[in-house]
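Residue numbers (the numbering used here): 53 to 388. The beta carbon of each residue, even a glycine, is placed where N, CA and C say it ideally should be.
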């Protein structure tokens with residue numbers, strides 16, 4: 053690699069894992085060989101196991117080689133560490149067996165240890181990054197960085213793209229994720245997806261102390277947020293936001309401080325205030341509490357969805373309303 057190190061601009065660590073004992077017992081790897089029509093599936097598993105280290109079902113990346121390898125890449129612009137993305141998409145049966153949660157469980161302490169090493173390298177890196185992806189992000193590793201640290205401010209301060217999967221809730225009084233994002237004033241694209249369970253920041257408020265002057269794209273999945281706070285974030289970024297994706301969101305309503313924001317009012321605000329919005333994607337399972345503090349749920353589904361859902365609305369209708377105006381489509385809420 054030394055001779056080509058200066059030409060490498062992006063590095064992606066595929067760290068996904070599968071339960072090999074389970075696969076050998078229950079998948080087509082074994083019984084598919086006894087049926088001619090299933091033999092191609094068994095052959096897929098042969099190709100999969102040919103890529104795995106022999107004699108070790110759950111290998112771990114040697115951390116002592118990561119730091120010197122990264123330091124050789126003096127023109128590095130993009131780093132991705134993923135334990136949740138399946139790298140075997142061309143092998144249909146293998147991909148069908150992949151489980152992202154099991155992959156992270158099998159990795160044990162590797163996400164924490166590897167992210168610590170990578171962050172330490174990036175913190176002292178002389179060539180600034182443009183893109184960083186962590187799937188999932190270990191929040192404690194992110195919180196070890198500080199905006200008061202000149203080295204961290206230099207290396208992370210040039211990021212324009214941040215893509216994260218976040219597991220769990222943040223502890224009270226500790227805005228770990230926001231403090232991490234505050235290192236990145238040049239962000240243009242921010243993606244935060246929950247992993248394993250809904251992500252809920254401190255007080256369910258979405259980046260209350262952040263203003264990203266260049267933010268153009270926001271992608272949120274399975275977040276538990278105060279709707280008033282999300283509305284405030286949208287308004288404060290109304291001149292730059294061009295692309296928004298909200299999927300399977302849980303909304304919290306502030307009671308006793310009318311007018312309380314609801315999903316319907318938030319969609320109306322997006323239509324009226326986000327003057328530079330170019331694309332919007334709204335889909336999945338949405339919820340909010342009503343004025344009686346009852347939990348209400350609904351589905352915003354893609355056109356042609358085969359699920360038989362009584363309480364739903366087509367996503368295209370909601371998206372068209374946000375982009376073009378008119379009458380907001382009625383959200384068919386169910387009391388949970």
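{"Query": "Range of the contiguous alpha helix (DSSP H) that encloses residue 315", "Result": "315 to 325"}
{"Query": "Which listed residue (264, 258, 260, 371) has its alpha carbon closest to that of residue 239", "Result": "264"}
{"Query": "At least three beta-carbon pairs within less than 8 Å, the segment 249 to 256 to the segment 154 to 169", "Result": "no"}
{"Query": "Three-pair Cβ contact test at 8 Å for the segment 143 to 154 versus the segment 176 to 186", "Result": "no"}
{"Query": "Selection from 244, 258, 303, 100 that minimises the alpha carbon distance to residue 348", "Result": "303"}
{"Query": "Contact check, residue 118 vs residue 169, beta carbons under 9 Å", "Result": "yes"}
{"Query": "From 372, 104, 260, 206, residue whose alpha carbon lies closest to that of residue 228", "Result": "260"}
{"Query": "Outcome for residue 233 when other beta-carbon atoms lying within 10 angstroms are tallied against a minimum of 16", "Result": "buried"}
{"Query": "Simplified DSSP state of residue 100, which is helix, strand or coil", "Result": "helix"}
{"Query": "Start-to-end residues for the beta strand (DSSP E) that takes in residue 159", "Result": "Residue 159 -> not in any beta strand (DSSP E); alpha helix (DSSP H) instead, spanning 152 to 159."}
{"Query": "Chain-order list of residues whose beta-carbon lies under 7 Å from that of residue 380 (same chain, five-residue window excluded)", "Result": "316, 319, 320, 373"}
{"Query": "Coarse secondary structure for residue 305, derived from DSSP in three states", "Result": "coil"}
{"Query": "Buried versus exposed, by CB contacts within 10 Å (16 or more), residue 41", "Result": "Residue 41 is absent from the structure shown; the chain starts at 53 and stops at 388."}
{"Query": "Proximity to residue 375 [Cα-Cα], best of 335, 351, 331, 367", "Result": "331"}
{"Query": "Exposed unless 16 or more other CB atoms sit within 10 angstroms - verdict on residue 69", "Result": "buried"}
{"Query": "Within 9 Å, strictly: CB atoms of residue 208 and residue 175", "Result": "yes"}
{"Query": "In chain order, each beta strand (DSSP E) run of at least 3 residues that lies wholly inside the segment 168 to 209", "Result": "183 to 189"}
{"Query": "Boundaries of the alpha helix (DSSP H) in which residue 74 is found, first to last residue", "Result": "72 to 78"}
{"Query": "Where residue 287 falls, given that 16 or more other Cβ within 10 Å makes a residue buried", "Result": "exposed"}
{"Query": "Buried versus exposed, by CB contacts within 10 Å (16 or more), residue 188", "Result": "buried"}
{"Query": "Short Cβ contact (9 Å threshold) for residue 143 with residue 63", "Result": "no"}
{"Query": "Assigned secondary structure, residue 358 (DSSP; H/G/I helix, E/B strand, else coil)", "Result": "Since pLDDT at residue 358 reaches only 48, below the 50 mark, its modelled position is unreliable, and the value read off the structure follows with that caveat. Three-state DSSP puts residue 358 in coil, outside helix and strand."}
{"Query": "Per-residue burial, residue 103 [other beta carbons within 10 Å of its own, 16 or more giving buried]", "Result": "exposed"}
{"Query": "Supposed contact pair residue 364 and residue 351 - C-beta distance, whole angstroms, cut 8 Å", "Result": "4 Å"}
{"Query": "Length of the line joining the Cα atoms of residue 236 and residue 134", "Result": "21 Å"}
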